[in-house]
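This report refers to the structure that appears directly beneath it.
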Ligand code: PRF
Ligand code: ZN
């Protein structure tokens, strides 16, 4: 039975099922107003209130429980007030599962020279019409209260890589002040606000960031500023330094990471949640994800290959269509080709998180990890 039954006020409460005895890996459940979701979890990215190329019905069928959407994009277009008027993001896009919205801090950072960051917030040029825009912790939180996601994120700055120590220190301290302002500005009930750990690639800054944010007592923690161009071992080192400082009874979310090898390593350090455009983006590029790495369906080698992308995959694409057919669609620029590779990739990654969870529950996570990496990285 549910440990949180009747505890309506506990938002995004993390309920642990099993902790791996030999690593930080854990399997649990996340309780939200739109359902109870299994962890480790992967959240497909629906930047503009749609996961590109697939319907909410298809997402459900693939096993998606919670998706991510972006405040930055919806703030600029169609506007978060409009989404509120439509009845909130769940109703607007007809998705009744979980939704997490990112705060916009990362998208503003991605604009590069178009942005200017001050203590108050970030001024930037809209990528749509070039107009001058401004986001602050208060504005980003108000926008996310309008959208009405189950989980929202504090406004942060994702530090570019590489960055000087002094800049990383000032930025990290400011992100902590912004987290405090985000917390004060957040007044909507039925919605959990997570803080975001930063610190660049500096172990001491990561530790200070984690400790300061933990003392502010958020219901969950994002780890930001990773997978921004640094070597993978550096990212793993940052996780090793940071994750143990976060409360065991709260969810930990590694932002913007979504390749299976990074997922299995991050889970080993104790991460519960992920999002990434990787599976959907490479799918639209004609690339399928498999347990032995990427399969470029467009390659001539598959012209007469009548096997599915992956013979062991249970997705709609693999159950019904061949590599040769999907390759033909992609070569002919048919929209359905991109839909099929997207369906496969999301199914693959969602299924991968289920397999990790099962391995943790059955106390064989480390051997699962080794077997997976041996095949994936060969
Ligand atoms: N901050 C926010 N969103 C993010 C990131 C971050 O640092 C990242 C970094 N990988 C992805 N998405 N707010
Ligand atoms: Zn498939």
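In our numbering, the protein residues as written are 1 to 378. For every residue, glycine included, the Cβ atom is placed at its ideal position computed from N, Cα and C.
In the DSSP secondary-structure assignment, residue 194 is bridged to 153. In the structure shown, residue 133 adopts extended strand secondary structure according to DSSP, grouped into three states. For residue 30, the enclosing beta strand (DSSP E) begins and ends at 26-32.
Following the DSSP letters along the chain, one finds residue 89 inside the alpha helix (DSSP H) bounded by residues 89-93. Per DSSP, residue 114 lies in no alpha helix (DSSP H) segment and is marked neither H nor E. At a Cβ-Cβ threshold of 7 Å, residue 361 and residue 192 do not count as neighbours. C-alpha of residue 120 to C-alpha of residue 354: approximately 42 Å in a straight line. For residue 156, the Cβ falls inside the 6 Å cut-off from some heavy atom of ligand 1. Around the CB of residue 171, 16 or more other CB atoms lie within 10 Å, so the residue is classed as buried.
Each residue's CA atom was taken as its position, placing residue 236 and residue 322 some 37 Å apart. The Cβ atoms of residue 155 and residue 103 sit closer than 7 Å to each other. Membership of residue 41 in the beta strand (DSSP E) is indicated by the continuous run 41-44.
When distances are taken from the beta-carbon of residue 317 to the heavy atoms of ligand 2, the shortest one is below 6 Å. For residue 245, same chain residues with a beta-carbon under 8 Å away, outside a window of 5 residues either side, are 207, 210, 211, 214 in chain order.
Per DSSP, the continuous beta strand (DSSP E) segment holding residue 16 begins and ends at 13-19.
Between the C-alpha atoms of residue 344 and residue 66 there is a straight-line separation of about 18 Å. Contact between residue 270 and residue 234 does not hold, since the beta-carbon distance rounds to 18 Å and is not under 8 Å. Counting only residues of its own chain and dropping the five nearest sequence neighbours on each side, residue 73 has a CB closer than 6 Å to the CB of 47, 48. Under the three-state reduction of DSSP, residue 47 is assigned to coil, being neither helix nor strand.
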